[in-house]
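Numbers 1 to 439, taken from the working numbering, label the letters of the sequence shown in order. Inspection log for the structure reproduced underneath, given as structure tokens.
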Amino acid sequence: MKTLIKNSHILTMDAKCTEYPDGYLVIEDTRVLEIGPYDQLLQLESSFDEVIDAHQTITIPGMVNTHTHIGMIPFRSLGDDYPDRLRRFLFPLETACMTKELAYHSGKYAIAEMQLAGITTFADMYYFEDTLAQATDEMKSRAVLGETVVDFPSCDAPTAHGGIEYAEKFIPKWFDHDLITPAIAPHAPNTNNPEALKAAAELAEKYNVPMTMHVAEMDYEMNHFREKYNATPVEFLQSIGVLSPRFIAAHCIHLSEQDLQILKQEGIGVAHCIGANTKSAKGVARIKHMLEMSIPVGLGTDGPSSGNTLDLFTQMKLVANFHKTALQDRTAFPARDIVAMATIEGARVLNMSHEIGSLEIGKKADVVLVETASVNMFPIFDPYAALVYSANASNVQDVFINGTAVIRNKELVHHDLTVLRSNLASEMIHFSKKAKELA
């Protein structure tokens with residue numbers, strides 16, 4: 001199968017940020033076969049199986065969401081303004097109401113939302129990841145899926161740290177999947193004991209899969225390690241030997257200079273969740289310093305209960321607005337750099353930049369077409385600025401993952417969103433009743 005996409009302004013996000021204002025791109029099966037200016041296309045259009053006239057869209061690599069919790073759609077808009085929402089609503093409801101059926105239907109709905117917003121790869125941390133892998137497979141998305149490990153019995157494990165045993169079965173089952181990378185995900189340094197953290201790291205090393213964790217996110221987390229170990233969470237994690245280039249650190253709001261040096265030394269990437277972090281008043285991470293030190297930084301939505309939206313257009317705007325304000329520097333974080341964080345830098349965080357994150361010959365054909373016909377997209381002097389400051393998720397027109405179209409003309413190709421929503425609503429009846437009781 002060979003598909004030609006023409007008549008688009010292509011932003012490759014390669015090392016030189018090459019652009020083709022009147023470009024073409026050829027997809028053969030799962031990979032990018034050709035890319036360049038249209039006047040250099042040598043083949044006749046009739047030789048392709050499909051020709052897509054992109055009508056002056058902006059074509060970008062599939063966006064990469066480096067941190068989320070797709071099983072948590074039911075929590076969206078619940079207790080958003082309450083203090084200590086995690087322990088008042090989230091943990092109790094997960095224990096009482098979360099099932100693999102609810103997680104499955106939440107996962108499919110969340111993936112649909114991300115695909116409609118141009119996200120082709122995501123990194124997840126939740127429970128029932130085997131079931132969420134099934135949902136991901138059915139939705140034809142690319143993902144890193146990390147089974148949660150936490151120091152109390154959870155909805156999918158009857159004992160504390162039961163996620164390790166779960167992951168022992170889950171990881172080999174999905175290890176050779178073309179789109180799914182299984183992983184392990186200890187919840188946080190302060191919600192696991194050192195032995196469990198070491199066991200999780202050993203499992204990740206055994207199968208050479210990612211390990212992801214919330215790190216330096218909470219004030220009480222910082223206080224805990226200062227009082228108990230006279231160290232930061234990052235220093236503690238290094239001291240017990242669990243850091244490696246496989247490690248994906250989510251949030252990283254409260255980092256010292258020494259912490260930054262450790263991240264660089266260990267080759268760790270950071271998932272920056274500006275929307276969730278600022279909504280919860282936790283702070284603004286020092287990502288300018290990270291990038292200056294060549295620490296990979298990608299964008300994450302966090303879960304649908306934390307950041308509410310599962311699109312990176314929202315995150316790109318927030319990165320610009322918050323960091324320019326915090327730094328009091330309008331020139332900080334040019335739009336092109338922010339688009340990079342949503343694409344190639346996110347791929348680097350997940351150690352996937354050799355396959356995704358940029359549009360280059362031989363890479364996987366994860367491709368997004370953003371239409372420019374809507375009222376908010378005219379005029380365009382700088383396509384990067386248009387994506388960061390003007391565009392929103394509704395401007396995503398077509399999405400290809402691994403060469404397969406999953407969104408065409410702003411609609412799901414293989415699924416009906418109405419059905420996905422109805423299925424999720426049916427599973428949420430008990431959850432919604434319990435949520436109202438807690439409120």
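Glycine included, every Cβ here is placed at the ideal spot set by N, Cα and C. All values derive from a computational prediction rather than experimental measurement.
The alpha carbon of G146 has as its nearest neighbour, out of I268, V209, Y109 and E101, the alpha carbon of V209. With at least 16 other beta carbons inside 10 angstroms of its own, T314 counts as buried.
Taking all protein chains in view, the Cβ of Q397 is crowded by 16 or more other Cβ atoms within 10 Å, so the residue is classified as buried. Within the segment 334–408, the complete alpha helix (DSSP H) runs of at least 4 residues fall at 335–342 and 344–349. By the neighbour-count criterion, in which a residue is buried when 16 or more other Cβ atoms sit within 10 angstroms of its Cβ, A15 is exposed.
If one requires a minimum length of 3 residues, the beta strand (DSSP E) runs lying completely within the segment 116–148 are 119–126, in chain order. Counting C-beta pairs closer than 8 Å gives fewer than three between the segment 384–400 and the segment 73–82, which falls short of the contact rule. One thing to note: N193 has its Cβ no nearer than 8 Å to the Cβ of D219. In this structure, A365 lies away from G357, with their beta-carbon atoms at least 8 Å apart.
Distances from the CA of T278 to each of E235, V319, E355 and H414 were compared; the closest alpha carbon is that of V319.
When secondary structure is reduced to three states using DSSP, V234 falls in the helix class. One thing to note: H187 has its Cβ no nearer than 8 Å to the Cβ of H224. Y82 carries a coil assignment under DSSP once its states are collapsed to helix, strand and coil. Scanning its chain for C-beta atoms nearer than 7 Å, with the 5 sequence neighbours on each side dropped, one finds around W174 the residues A133, I180 and P182, in chain order. Contact fails between the segment 35–50 and the segment 81–99, because fewer than three Cβ pairs, one in each stretch, are under 8 Å apart. Ranked by how close their Cα comes to the Cα of T191, the residues M222, L299 and E202 have M222 in first place.
The segment 241–328 contains, as complete alpha helix (DSSP H) runs of 4+ residues, the segments 257–266, 274–279, 287–292 and 312–327 (chain order). For the pair V368 and I60, the CB atoms are nearer than the 8 Å cut-off. Bridge partners of P37 according to DSSP: G23. M125 and Y207 have their C-alpha atoms some 18 Å from each other. Separation of S426 and G303 (C-alpha to C-alpha, rounded to the nearest whole angstrom) is 21 Å. CA-CA distance, A405 to V413, rounds to 7 Å. Under the three-state reduction of DSSP output, S47 falls in the helix class.
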